[in-house]
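**Student:** Heads up: the sequence shown runs through residues 3 to 370, numbered per the working numbering.
C-beta: ideal position from N, C-alpha, C; glycine also.
These numbers come from a predicted model, not from an experiment.
This is the structure I want to talk about, given as structure tokens.
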Amino acid sequence: MIDPPRLQVESGQAVLSGHWTLAAMLPELAALRQQLNVAGEEARRWDLSRLERLDSAAAVLLWRTWRNAWPAALDISPLHRQVLERVADLPPTLPAGAPPRFNPVEVLGSQVLRLLAHARGMVALFGQVLLDLVYLVRHPREFPLRELSANIYKAGAQALPVTALVGFLIGVTLSYLSALQLRSLGADVFIVNILGISIIRELGPVLVAVMVAGRSGSAMTAQIGVMRVTEEIDALSVMGVSRSQRVALPKIIGLTLAMPLIVLWTSAVALLGGMLAAMLQLDLSLHYFIESLPRTVPVANVYIGLGKGVVFGFVVALVACHFGLRVRPDTESLSTNTTRSVVTAITSVILVDALFAIFTRHLGVPTL
């Protein structure tokens, strides 16, 4: 049985007995500190010969009570004196470490390595999704149709009102600003060219991708992250269910299918807003606008816009699932990876749009 630590002060002498260890002191640590403070002021002699055990925690407590100096009279065994001597040899304060130097090469290297790690993870996730598709083609009964339809509804149908509102306002703004310049040059009819090319080919797909990345992409990352925090992902692995097949695959396919439809819807509403603004600013009739649009905007631009929608949807969903699966089981990691998911998705969309502009620069350009 472990004897609890005891302290008695008699006639100016402090007598310690029992086990002075951290485990034994914890139940009554506050009372022992108060007794030691009183003994430090009254005792002139310290008797530690009756101690059964003394560890470093108790030695630090005694050394602080003695105000970092050996008492004038001390009775202690050689073994316990060695413990106190090790504490006495420690410096009163640890020296402050040198501040880390800013090394641009080191910072650049760490960022490049982090980027490569994320790229490797996304490639691995993409490969796993392809393997799951091959498996589901061979076993069509196991295809997650419910999860797929739910993701198409959440990422597609529920996004139609907000994308229509933003698209309509963008069309009105672009038409109004263009009309001010075209009227001064006497080139009112070219507003059809400006609105058609800019909205169908560029603004529509990019605007929808940015909005979907902030709305649906963040929701996907947060949903998968919460599943990581609540250990639902681990539960799926324990039950032998593929997390990529049931969690990532429906989200990637669903957003890839829904995005071109949202792009087509948003572009149509944006053109409607542009037509109304052009009618009010330049007195162009809706009939003339609708009749001139197919002549001034080649149909290849529609295909390019829809193709961008497919690729943008795939990129946003892949990035969202990647960062969601990287969430650690804590809330700080959840918020951090959700933010990174949105920023990375938007950056990737702009990068892919630049690649589209390079490879399709000769397609859909109207000839005068």
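Met241 to Glu234, Cα distance in whole Å?
**Tutor:** Here residue 241 refers to the residue found at position 239 of the sequence shown. Here residue 234 refers to the residue found at position 232 of the sequence shown. Each residue's Cα considered, the two are about 11 Å apart.
**Student:** Between which residues of its own chain and Ser218 is the CB-CB distance below 6 Å, once the five residues before and five after are set aside?
**Tutor:** Working through the sequence shown from its first residue, we reach residue 218 at position 216. If we look at Ser218 and ignore the five residues flanking it on each side, its Cβ neighbours are Ala157.
**Student:** Tell me the DSSP bridge mates of Gly20?
**Tutor:** Within the sequence shown, residue 20 is the residue found at index 18, counting from 1. DSSP lists Leu53 as partners of Gly20.
**Student:** Could you pull out every residue in the same chain whose Cβ sits closer than 7 Å to the Cβ of Ser220, ignoring the five residues on either side in sequence?
**Tutor:** Counting from 1 along the sequence shown, the entry for residue 220 is found at position 218. Thr340, Ser343 and Val344.
**Student:** Can you check the stretch 190-262 for any alpha helix (DSSP H) of at least 4 residues that lies completely inside it and give the ranges in chain order?
**Tutor:** You should have 193-199, 206-214, 220-231 and 234-240.
**Student:** Report yes if the CB atom of Leu284 is closer than 7 Å to the CB atom of Ala181, and no otherwise.
**Tutor:** To locate residue 284, count along the sequence shown from 1; it is residue 282. To locate residue 181, count along the sequence shown from 1; it is residue 179. The answer is yes: Cβ separation under 7 Å.
**Student:** Sort out for me which residues DSSP pairs Arg8 with in a bridge.
**Tutor:** Residue mapping note: residue 8 aligns to position 6 of the sequence shown, counting from 1. Note: Arg8 sits in a beta bridge opposite Ser19.
**Student:** Look up Leu76 in the DSSP assignment and say whether it is helix, strand or coil.
**Tutor:** Here residue 76 is taken as the residue at index 74 of the sequence shown, counted from 1. Here Leu76 sits in strand by DSSP.
**Student:** Beta carbon of Gly14, beta carbon of Arg55: below 7 Å?
**Tutor:** What you label residue 14 is simply residue 12 of the sequence shown in a count that begins at 1. What you label residue 55 is simply residue 53 of the sequence shown in a count that begins at 1. Contact flag unset, no.
**Student:** Starting from Val313, follow the alpha helix (DSSP H) in both directions and report where the run begins and ends.
**Tutor:** The residue given as residue 313 occupies position 311 in the sequence shown. Ala302 to Leu327 is the span of the alpha helix (DSSP H), which, as asked, contains Val313.
**Student:** My understanding is that Val299 touches Val212, with C-beta atoms under 8 Å, so please give their C-beta distance in whole angstroms.
**Tutor:** Residue 299 sits at position 297 when you count from the first residue of the sequence shown. Residue 212 sits at position 210 when you count from the first residue of the sequence shown. Val299 to Val212, Cβ: 23 Å. No contact.
**Student:** Which residue's Cα is closest to the Cα of Arg387: Glu204, Arg122 and Trp72?
**Tutor:** Summary: the structure shown does not reach residue 387, with the chain confined to residues 3 through 370, and so no result is reported for it.
**Student:** Can you grab the Cα-Cα spacing for the pair Glu43 / Val11, in whole Å?
**Tutor:** As a position in the sequence shown, residue 43 is number 41, starting the count at 1. As a position in the sequence shown, residue 11 is number 9, starting the count at 1. If I take the Cα positions, the gap works out to 11 Å.
**Student:** Can you tell me which residues form a DSSP beta bridge with Arg47?
**Tutor:** Within the sequence shown, numbered from 1, the residue matching residue 47 stands at position 45. Answer is Gln15 and Ala75.
**Student:** Check whether the stretch 254-273 and the stretch 306-314 touch, using three or more Cβ-Cβ pairs below 8 Å as the test.
**Tutor:** Short answer: they touch.
**Student:** Spatial neighbours of Leu127 within its chain, please: CB distance less than 8 Å, with the 5 preceding and 5 following residues excluded, ordered by chain position.
**Tutor:** For the purposes of this step, residue 127 is taken as the residue at position 125 of the sequence shown. Excluding sequence neighbours, Leu127 sits near Ser246, Ala250, Leu320, Cys323, His324 and Leu327.
**Student:** Let me confirm a value: His141 is counted as buried when at least 16 other C-beta atoms fall within 10 Å, else exposed. Which label applies?
**Tutor:** The sequence position of residue 141 within the sequence shown is 139, counting from 1. Exposed, by the Cβ-count rule.
**Student:** Should Thr346 be labelled buried (16 or more other beta-carbon atoms within 10 Å of its own) or exposed?
**Tutor:** Within the sequence shown, the letter at position 344 stands for residue 346. When all chains shown are included, Thr346 counts as buried.
**Student:** Measuring CA to CA, which of Gln37, Val136, Ile201 and Pro146 is closest to Val304?
**Tutor:** Here residue 304 corresponds to residue number 302 of the sequence shown, with the count starting at 1. Taking only the C-alpha atoms, the option nearest Val304 is Ile201.
**Student:** Considering only C-alpha positions, which residue in the set Ala16, Asn39 and Leu147 is nearest to Lys253?
**Tutor:** Taking the sequence shown and counting its residues from 1, one reaches residue 253 at position 251. Closest by alpha carbon: Leu147.
**Student:** Is Pro207 buried or exposed, if buried means 16 or more other CB atoms sit within 10 Å of its CB?
**Tutor:** The residue labelled residue 207 in the question sits at position 205 within the sequence shown. Burial call: buried.
**Student:** Between Ala159, Ser79, Leu179 and Leu266, which has its C-alpha nearest Thr203's C-alpha?
**Tutor:** In the sequence shown, counting from the first residue as 1, residue 203 sits at position 201. Note on identity: in this sequence residue 203 is Arg, with Thr being the wrong assignment. Among Ala159, Ser79, Leu179 and Leu266, the Cα nearest to that of Arg203 is on Leu266.
**Student:** Would you identify the three-state DSSP class for Pro29, choosing helix, strand or coil?
**Tutor:** Within the sequence shown, numbered from 1, the residue matching residue 29 stands at position 27. Looking at Pro29 - three-state DSSP - the assignment turns out to be helix.
**Student:** Is there a Cβ of chain B sitting closer than 7 Å to that of Leu56, yes or no?
**Tutor:** Judged by its chain identifiers, the structure shown contains no chain B, having just a single protein chain.
**Student:** Please state whether DSSP places Gly158 in a helix, a strand or coil.
**Tutor:** Position 156 of the sequence shown, counted from the start, is the residue given in the question as residue 158. Residue state, collapsed to three classes: coil.
**Student:** Figure out for me which residue from Leu50, Ile306 and Leu357 has the closest Cα to the Cα of Arg83.
**Tutor:** Position 81 of the sequence shown, counted from the start, is the residue given in the question as residue 83. Nearest option by C-alpha distance: Leu50.
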